[in-house]
Amino acid sequence: MDLDKKTEKELQKMIVEKKESLRGFRFGTSGSKTKDVKVGTNTKKDIARILTELRKKEIAENNK
1 MDLDKKTEKE LQKMIVEKKE SLRGFRFGTS GSKTKDVKVG TNTKKDIARI LTELRKKEIA
61 ENNK
């Protein structure tokens with residue numbers, strides 16, 4: 001993912017999508033529908049990467 005080239009609005013939208021995906025994954029695991037448990041871990045890591053990029057942009061904006 002090229003997160004550094006995306007705007008803040010795009011990153012916010014990605015966070016919402018990833019959180020919805022994670023929510024669906026969690027409900028799928030409780031119903032034994034999900035086979036690949038790594039999907040949840042990878043989704044959480046993606047959310048963390050996006051939040052980190054948003055924070056970097058916020059800090060850069062405040063330093064200007």
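Just so you know, the UniProt record's numbering puts the end of the sequence shown at 64, numbered straight through with nothing missing. Note that CB positions come from ideal geometry on N, CA and C, so glycine has one too. A quick note: this is a predicted structure, and the numbers were derived from the prediction, not measured.
Cutoff 7 Å; reference residue i; Cβ partners in own chain excluding five residues on either side
i	result
ASP46	LYS18
LYS56	none
Residues near residue i in its chain [Cβ-Cβ closer than 6 Å; skip 5 each side]
i	result
GLY40	PHE25
GLU58	none
MET1	none
Helix, strand or coil at residue i [DSSP, three-state]
i	result
VAL37	coil
ASN42	helix
SER32	coil
Cβ pair residue i, residue j closer than 8 Å
i	j	result
LEU22	GLU53	no
Residues near residue i by beta carbon distance below 8 Å, same chain, minus five either side
i	result
LYS44	LEU22
LYS9	none
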